[in-house]
Amino acid sequence: MDFSLPPEVEAFRAEVRAFLAEHVTDEVIERAHATGTMHDWGLHRQMAAEGWLSAGWPAEFGGQGRSPLEMNALTEEMYLSGAPVDGLGVASLVAHTLLIDGTDWQKRTVIPRILSGEVMCCLGYSEPDAGSDVAACATRAVRDGDEWVINGQKMFTTLAHEAHYVFLLTRTNPDVAKHEGLTMFLVPMDTPGIEITPVHTMGGERTNITFYTDVRVDDRHRVGEVDGGWKVMMTALVFERNSAWYGECVRLLDTAVAWATSARDADGRRLIDDPLVRERLARAAVGNEVANLLGWRAAWMAAEGQLPGVEGTMAKLFTTEHYQQAADDLIDILGPEGLRRHGEPGAAADGWVEATYRHCQVTTIYGGTSEVCRGIIAERGLGLPRSRSSR
Amino acid sequence: MDFSLPPEVEAFRAEVRAFLAEHVTDEVIERAHATGTMHDWGLHRQMAAEGWLSAGWPAEFGGQGRSPLEMNALTEEMYLSGAPVDGLGVASLVAHTLLIDGTDWQKRTVIPRILSGEVMCCLGYSEPDAGSDVAACATRAVRDGDEWVINGQKMFTTLAHEAHYVFLLTRTNPDVAKHEGLTMFLVPMDTPGIEITPVHTMGGERTNITFYTDVRVDDRHRVGEVDGGWKVMMTALVFERNSAWYGECVRLLDTAVAWATSARDADGRRLIDDPLVRERLARAAVGNEVANLLGWRAAWMAAEGQLPGVEGTMAKLFTTEHYQQAADDLIDILGPEGLRRHGEPGAAADGWVEATYRHCQVTTIYGGTSEVCRGIIAERGLGLPRSRSSR
Amino acid sequence: MDLALSGEQEALRDTVARFFSKVASAERVRAAEPLGFDAAVWRGLADMGVPTMAADGGATLADVSVVAREAGAHLAPVPIVEAAVTNRLLTRCAHAVDDTTVRTLALRPATGGRAALVPGGAVAAEVVVLGGGDLLLVRPGPTGERRAPANLGSAPLADIDITAGRRSLLTPADGSAVDEHARALDEWRALTASWLVGLGRAALDLGVSYVKDRRQFGVPIGSFQAVQHRLADLATALDGAALLADKAVWTLDTDAPGAATFPAMAFSYCGEAAQRAAAASLHLHGGYGFMEEYDIQLHFRRAKAARLVLADPCRELVGLADRLFGPVETSTGAGR
Amino acid sequence: MDLALSGEQEALRDTVARFFSKVASAERVRAAEPLGFDAAVWRGLADMGVPTMAADGGATLADVSVVAREAGAHLAPVPIVEAAVTNRLLTRCAHAVDDTTVRTLALRPATGGRAALVPGGAVAAEVVVLGGGDLLLVRPGPTGERRAPANLGSAPLADIDITAGRRSLLTPADGSAVDEHARALDEWRALTASWLVGLGRAALDLGVSYVKDRRQFGVPIGSFQAVQHRLADLATALDGAALLADKAVWTLDTDAPGAATFPAMAFSYCGEAAQRAAAASLHLHGGYGFMEEYDIQLHFRRAKAARLVLADPCRELVGLADRLFGPVETSTGAGR
């Protein structure tokens with residue numbers, strides 16, 4: 000066994016770290032925090048210019064052919080830097096899915112523009128009545144000659160207000176089993192009939208509801224077969240970056256440790272010297288390492304040519320549940336002063352623990368809820384009989 | 000609101016406490032611990048002589064007509080004393096059930112002998128394939144004139160080796176829905192064809208498997224209607240004493256506090272002065288009070304003429320889960336010395352925390368598993384739709 | 000033993016609940032953010048005489064607890080627990096009180112001339128502060144001038160400068176200033192515990208309603224066993240919490256033996272139960288739980304904030320240990 | 000990065016697993032209670048050269064970890080981790096070692112002439128003890144004379160009287176006696192973490208098999224969502240634990256930067272994961288889980304005992320904090 004990363008991965012990591020140290024300025028972080036939009040066009044295009052949007056892509060797409068280990072290092076460094084990179088994640092997921100399930104035209108016209116940082120995508124899966132049960136999708140697409148006419152509504156269309164395309168799951172056949180009548184489209188956001196309503200969340204992030212009224216798209220925007228949308232969904236799921244939150248966990252702990260080291264109690268003792276504080280910080284540190292290892296295991300398996308389906312799910316489940324537990328413990332150690340929000344004078348830890356406590360709650364929902372993750376691990380990992388209550 | 004007990008309850012409690020202080024000697028406790036039989040004939044008959052086996056019974060049965068509050072005080076004191084009283088609980092449950100569902104002959108001949116401490120009962124519900132799903136009972140009873148012929152096997156027939164009767168659930172009709180073909184019997188244990196195999200458990204308690212081979216009993220031993228056994232079961236369930244473990248939780252905490260007050264660390268500090276020890280002791284103390292209040296609420300509701308079905312279930316669930324959590328935390332504070340068993344020279348807390356850690360595990364199983372309890376609370380208490388996976 | 004509300008208390012509960020449903024609806028609670036104060040709600044409670052009802056011996060803490068629980072259930076944007084406790088404290092100092100004035104107390108002694116994060120401090124006309132061993136009544140000047148820092152619970156917290164504004168020394172009739180402040184703080188703990196039970200049960204109700212209505216995979220998600228078991232544990236914890244809060248209030252009203260321990264136990268346990276219930280309910284809402292327009296996020300933020308405004312919950316438990324097991328022995332030298 | 004066992008390690012694992020399956024079956028484990036030692040198992044491992052394999056540089060701790068994990072999975076009644084660590088320590092003290100002799104070390108320094116509850120102490124011919132700042136090799140005389148107190152884990156613990164029997168002073172080649180003991184203790188932590196992962200996964204497997212077979216209400220109880228979710232969380236925790244234990248061993252083998260922290264992290268986390276897995280599996284067995292004749296109670300008792308034999312787990316976490324965040328500042332006077 001060898002837990003060290005190959006020199007070329009460490010070298011790449013150092014390069015990325017140096018870049019991020021320069022470009023992920025406090026201003027970038029503050030702007031994302033203030034707007035709730037976890038995407039920064041400036042940073043995004045600088046990263047594209049470095050070739051890192053396409054770092055994991057083959058040379059024929061202008062990529063650098065980076066390995067899964069290098070890509071994991073890149074993701075980890077981005078999150079460790081605090082960069083707002085939700086947009087990059089979605090763009091990458093859509094591009095990868097197009098590479099597998101897209102048409103030649105899509106590969107030729109859309110992928111290069113995503114990888115160059117020119118265009119941004121958003122995901123249109125969830126609906127008011129289709130959350131974890133995403134196949135319950137009711138947004139209708141009806142064929143009309145070479146076009147499709149789309150009507151419906153999508154929830155949580157994060158980044159819709161910045162995106163050029165929505166990766167849209169629709170129902171094209173209501174008369175078959177629910178997984179078998181779905182079709183995926185990549186719809187330009189400037190198509191008439193699309194409306195965006197902002198949705199503000201407890202964590203400060205902005206998301207959107209998107210409405211689709213008689214939206215007409217050419218059939219060339221269809222991704223995959225007619226009624227083959229579920230297969231495309233499954234492809235896309237593989238590219239969810241499940242260990243991304245490890246970097247956020249580290250930022251949280253670093254913030255809390257720095258605070259506890261400088262803050263003193265009424266008797267002049269450093270807070271970090273209180274056994275009850277030390278115990279919780281240590282527990283958070285252990286969880287962070289477990290999260291880190293579960294994430295790297297999945298990346299390593301991918302590098303070995305294996306499909307880390309269950310293992311990636313474990314990394315996602317563990318990391319996000321641990322993140323919430325740690326935020327809960329660490330805001331407690333701040334005491335009353337931990338209540339002040341970021342930007343308030345004198346806020347403990349500059350209010351970042353408070354912000355994290357609100358933000359982290361959503362991480363067990365998107366990219367597969369903890370309940371869905373547990374079901375996958377139980378059935379696919381442990382081979383337990385399919386639960387009668389989950390599907 | 001008034002959380003004080005009425006003077007007559009406090010007076011009764013004081014009387015019980017004085018009695019138990021005298022009769023629940025170390026010898027009684029040690030003997031129960033050594034044999035694993037949580038029943039002591041000496042103590043049992045002394046309690047009968049005081050009239051406390053029938054304390055809650057009307058005068059016509061020689062009872063004292065004690066209220067549910069007085070009876071809760073009695074139970075609480077018995078458990079606080081560390082007395083081995085499983086037998087008393089089962090005897091009382093069977094007697095109460097007979098009072099409601101028994102025949103005149105059963106009421107006349109069996110109840111008085113139970114209440115006088117002369118005879119003991121055991122419960123024959125569980126089977127190898129019928130645990131929480133007790134209605135899956137396969138032990139067959141077949142009518143033969145005025146007699147029934149019983150064949151089958153029962154698990155966890157605790158106290159069978161001391162009991163005069165087994166309260167035996169049987170299947171009399173295999174052709175109807177599983178709840179509708181059951182019949183209850185009160186079978187004398189000296190009936191030919193009953194065999195008892197001891198079963199030893201991790202907690203030190205002895206239980207039994209009982210085998211029934213062509214056991215012939217007269218129809219007068221049938222309790223309730225033919226095929227009406229499920230109704231009798233439901234009656235009996237009401238008389239499970241669900242808050243009994245509170246007393247054990249108090250004994251556990253008292254033991255740990257006494258130890259932590261006398262033990263000192265390498266620096267000569269009392270263990271109880273360590274914040275990490277104090278925190279866990281305080282947490283256990285809070286849980287004990289919650290357990291106490293949930294138990295008393297159920298008793299108070301019964302005293303008010305209400306049926307505390309969900310509330311009794313909550314008391315059972317909370318108290319036993321808390322008991323396990325507390326035992327887990329409190330054995331930890333003892334450190335390595337907590338590993339020595341009772342009877343070993345120098346064992347921390349005389350080994351009682353170690354013994355409790357093993358013993359308490361069973362409390363979330365018998366008298367309704369935590370899973371069954373949660374289902375009851377969810378469906379009956381919260382009105383959630385029946386789970387497709389639990390029944 | 001009587002674990003039910005009295006007839007009068009039931010009537011009070013119903014009156015207050017009706018009032019809050021009308022005047023402190025979720026829309027109004029949201030509209031009162033970020034400050035967390037609604038003058039109309041305060042006026043309504045003042046008209047009912049709630050702030051001083053237990054100050055003059057006319058009502059008990061148990062009566063205030065009935066109001067506090069409804070206030071928690073509706074997240075009513077008023078520092079009613081603080082006012083009730085402070086008015087009692089002032090009365091024990093022979094200081095006149097009234098229902099109109101918003102009053103509060105600093106939970107922790109002032110340090111460096113400042114009482115930090117006083118609940119209700121951003122909207123109170125009078126603040127009782129323990130400073131230098133004395134009880135001070137501080138009138139910090141117009142509320143507009145006070146800094147009300149944005150905070151997790153959207154509560155009207157403020158740092159009170161006890162060197163500015165008018166202030167006067169309070170003299171308790173019996174007991175020291177420190178003891179009387181400790182007494183007020185335990186009353187605050189017990190009543191806030193009750194407030195947290197109200198919040199926790201309301202959060203649980205939101206969760207239960209949601210899972211009964213919300214369908215996924217063709218069935219209500221409330222029929223999923225994992226959902227059911229989680230809610231059953233929370234319902235049990237909240238029933239225990241309600242009993243513990245009720246008993247804490249009762250021990251204070253009757254000066255029962257548990258008066259030294261139950262308020263701290265109740266505050267600790269009710270806070271934990273409420274926080275767990277709000278968190279679970281939020282998560283059972285899926286993505287909707289995080290949307291500002293859904294109510295459960297209001298409960299979620301306030302549950303944690305109401306615990307934390309006093310102290311790190313672990314520190315509270317250690318403080319409880321002092322009451323339960325006696326103080327830490329200081330004679331032996333250095334510790335770890 | 001390579002997270003797989005080497006070909007040699009796979010072969011070692013398979014060999015050892017086959018050996019344990021035959022010689023350390025559950026029946027044999029049970030028969031070895033209460034002492035917790037089976038001489039035939041020891042002899043088998045000695046014949047394979049396991050006790051000294053990592054003492055002479057011929058094998059790594061990672062190789063021993065492969066054996067330790069299988070030993071934990073089978074609850075093999077031998078102090079193999081202790082022996083391997085002690086033989087390495089003795090080698091660093093230029094003291095000859097061999098595979099036949101059962102050796103162990105006292106985890107905590109001796110006090111009052113006694114090393115308390117030494118793992119393997121009841122059956123070891125040689126015990127290394129840190130006493131008065133020195134490393135002592137104690138030969139406590141025939142095992143029959145030693146008191147092996149009955150204990151939760153049915154482990155061959157004993158109190159070692161370091162004033163009786165023969166003893167000699169050990170002199171480490173480099174580093175102080177205290178440092179070398181600390182090093183051995185971290186090796187013990189890392190290998191015991193691996194042992195605990197083996198135990199935890201075996202316990203989980205028992206639980207998974209049971210819920211697949213056991214039918215109630217007409218279906219396997221493994222189809223109940225609450226059961227599934229509980230097992231999924233445990234499987235995840237145990238995978239994390241396995242990675243953490245592997246990394247801890249690797250940091251020691253390679254003297255990587257994490258060598259000062261990972262062994263303690265692994266011991267803490269793997270112990271918790273193993274204990275949770277054993278407890279959950281026991282409870283999923285219903286009443287059968289408590290029967291002595293079912294195997295899961297063997298795992299349940301040993302999981303807790305293996306953690307506790309070192310120290311209160313909370314104290315271990317605080318010790319880990321010292322490594323992660325530096326020692327507690329002692330300059331400022333009295334604490335709370």
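Chains as they are written, first to last, in numbering that gives the first Met the number 0: chain U, 0 to 390; chain G, 0 to 390; chain Y, 0 to 335; chain H, 0 to 335. Don't be surprised by glycine CBs; every beta carbon is placed ideally from N, CA and C. None of these values were measured; they are calculated from a predicted model.
- Sequence-distant partners of residue 84/H (beyond 5 residues in either direction) whose C-beta falls short of 6 angstroms from its own C-beta, in its chain, are 183, 186, 187.
- Under the Cβ distance rule, residue 209/Y does not count among the residues neighbouring chain G, no pair being separated by less than 8 angstroms.
- Scanning the stretch 101 to 168 of chain U for uninterrupted alpha helix (DSSP H) segments of 4 residues or longer gives 103 to 108, 110 to 114, listed from N- to C-terminal end.
- Secondary structure within the stretch 243 to 305 of chain Y: not one fully enclosed beta strand (DSSP E) run of 3 or more consecutive residues is present.
- The alpha-carbon separation between residue 315/H and residue 263/Y amounts to approximately 29 angstroms.
- For residue 286/Y, the nearest CB of chain U lies under 8 angstroms from its own CB, placing it at the interface with that chain.
- Looking at the DSSP output, residue 85/H shares a beta bridge with no other residue.
- Here the C-alpha atom of residue 306/G lies approximately 43 angstroms from the C-alpha atom of residue 334/U.
- Apart from sequence neighbours up to five positions away, the residues of its chain that approach residue 71/U with a beta-carbon distance below 6 angstroms are 298, ordered along the chain.
- Annotation: the stretch 85 to 135 of chain Y contains the following complete segments of the beta strand (DSSP E) (minimum length 3 residues), in chain order: 102 to 104, 113 to 117, 125 to 130.
- In terms of Cβ geometry, residue 178/G and residue 137/G do not form a close pair [threshold 8 angstroms].
- Nearest CB-CB separation between residue 225/H and chain Y: below the 8 angstroms threshold.
- Among the residues facing chain H, residue 143/G is not included, as its CB has no counterpart in that chain under 8 angstroms away.
- Residue 271/Y has its alpha-carbon roughly 41 angstroms from the corresponding atom of residue 22/G.
- The three-state secondary structure of residue 163/H, taken from DSSP, is coil.
- Under DSSP, residue 150/Y takes part in a beta bridge, and its partners are 339/U.
- With a cutoff of 8 angstroms on beta-carbon distance, residue 304/Y and residue 194/Y are scored as not near each other.
- Between residue 117/Y and residue 142/Y, the gap from beta carbon to beta carbon reaches 8 angstroms or more.
- Separation of residue 237/H and residue 199/H (C-alpha to C-alpha, rounded to the nearest whole angstrom) is 7 angstroms.
- CA-to-CA, the gap between residue 198/G and residue 159/G works out to about 11 angstroms.
- In the structure shown, residue 291/G falls within a helical segment according to DSSP collapsed to helix, strand and coil.
- Looking at the DSSP output, residue 194/U shares a beta bridge with 210/U.
- According to DSSP, residue 200/G shares a beta bridge with 290/H.
- Between residue 126/G and chain H, the shortest Cβ-Cβ separation is not below 8 angstroms.
- Here residue 71/Y is not near residue 239/Y, since their CB atoms are 8 angstroms or more apart.
- Within the same chain, and ignoring the five residues on either side of residue 209/H in sequence, the residues whose Cβ sits closer than 7 angstroms to its Cβ are 283, 284.
- By DSSP's assignment, residue 169/H forms a beta bridge with 134/H.
- Residue 21/H does not reach chain U, its nearest Cβ partner there being about 27 angstroms away, counting only Cβ pairs nearer than 8 angstroms.
- With respect to residue 30/U, residue 150/Y sits apart: the two C-beta atoms are not nearer than 8 angstroms.
- At a C-beta separation below 7 angstroms, residue 274/G has these neighbours in chain U: 274, 275.
- Bounds of the beta strand (DSSP E) holding residue 182/U are 181 to 187.
- A Cβ-Cβ separation of about 7 angstroms places residue 64/Y in contact with residue 244/Y under the 8 angstroms criterion.
- Put simply, the CB of residue 131/G is near chain H, with a gap under 8 angstroms to one of its CB atoms.
- For residue 269/H, not one C-beta of chain G is nearer than 8 angstroms to its own C-beta.
- In terms of CA proximity to residue 289/G, 246/Y leads the group 219/Y, 246/Y, 58/Y.
- Proximity of chain H to residue 280/U at the Cβ level (cut-off 8 angstroms) is accounted for by 320, 323, 324, in chain order.
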